[in-house]
Every structure is written in structure tokens, then in C-alpha cells.
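**Student:** Read in order, the letters of the sequence shown correspond to residues 1 to 163 in full-length UniProt numbering.
Glycine included, C-beta positions come from ideal geometry on N, C-alpha and C.
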Amino acid sequence: MARPSPASESDAEAMVSALLTASRLLVAVSARSLAAVEDSLTLPQFRMLVVLDGRGPLSLSGLAGELGVQPSTAMRMIDRLVAAGMVARGVTAEDRRTSVISLTKDGRRIVNEATGRRRREIAGIVDVMPPGQRRHLIEALQAFTEAGGEPPVDNGPRTHATW
């Protein structure tokens, strides 16, 4: 197997650094948008709401798997979100012993409002970019998200929010 050239290693490191910086910016945008809508909600809790919005009702194990956390961690998050009225526990019709977690109307409102704020702030950042660089950013980010296995976000009206 051929070793990468020093130039390609340098390009890869520059890309990683640029993406880490961009991810800091995006996390800050996400935190600001969430704080403006619901200041007591943490980013991991919001992520749970977004997963439920996108995937629909899930079992505890399914939700924990989607979030990449242990079921006990997911259960603590669910308990807090149930108490806040953002998610509800129910049972499946097939097996009444299996609980299912779903988003409430208030939880969906929070997801939609925070996502809308985040979308507007990102649009403002993009507007500052030179128009010629926007196309390159789109292509690079599409390739990056495809390589990471992330499904694309629709450009039109959304039926579900995205993280």
C-alpha cells in the first residue's frame, strides 16, 4: 500500500482543522438557537427531541441506539423530558410491556423554533461569504456528509427537523 504524500497529509490536516473550527461555529449557533427558545434544555436533550421528530416514536433501546448512548442514560434524559412535557411514554399495540417514547406537541414546537432560528443564523453567515466560494462549500460539505453517512436535509419546507 502506498503511503500518502506529505502534501496530501498536509491537506488532510488542514481540512480536519477547518472542519473542527466550523464545527465549533455550528455548535455555538445551535446552542444560541436553543437558548433563545428553551434555556433549560441541554444540547443532548435537544438531540433526543430531534431524533424523535425525524424518526417518530421509538422504544427506549431504539432511541438509545440512535443517540449512541446507554439505555440508562437515555432513560434519565427521557425522565427529564417527560417532566418538562416535551416527550411522552406510551406502549406499543403489539406488546404492552414495551414502552415507546414520542414527541409531544410542545417538544415538536421547540424543535421547529430552534431549527428555524439556527437556519436563519446559518443563512446570515452564508450571506457574508463571497458568492464564488459558496458552490465550493456546498460540494465539499456534501462530500463530507456523504462520507460520514449523514442523510441530506431537504431544502424545501421540512416535515422533520434536523440536528
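(1) Between which two residues does the beta strand (DSSP E) holding Arg-96 run?
(2) Within 10 Å of its beta-carbon, does Ala-147 have 16 or more other beta-carbons around it, so buried, or fewer, so exposed?
(3) Checking 8 angstroms against the spacing of the C-beta atoms, do Val-91 and Ser-99 come in under that value?
(4) Got a sec? Which residues, its chain only, sit under 6 angstroms from Ala-64 by beta carbon, not counting five neighbours each side?
(5) Below 8 angstroms on the Cβ atoms is my guess for Ile-101 versus Leu-58; work out the distance and round it to an integer in Å.
(6) Mind checking who Val-87 pairs with in its DSSP beta bridge?
(7) In the structure shown, what three-state DSSP assignment does Ser-59 receive?
(8) Tell me the rounded alpha-carbon separation between residue 164 and Thr-115.
(9) Can you check whether the CB of Gly-107 is closer than 8 angstroms to the CB of Leu-49?
**Tutor:** Reading off the structure:
(1) Taken as a continuous stretch (DSSP letters only), Arg-96 belongs to no beta strand (DSSP E), as it is neither H nor E.
(2) exposed
(3) yes
(4) Pro-71, Ala-74
(5) 6 angstroms
(6) Leu-103
(7) strand
(8) What is shown of the chain runs 1 to 163, which leaves residue 164 out entirely.
(9) yes
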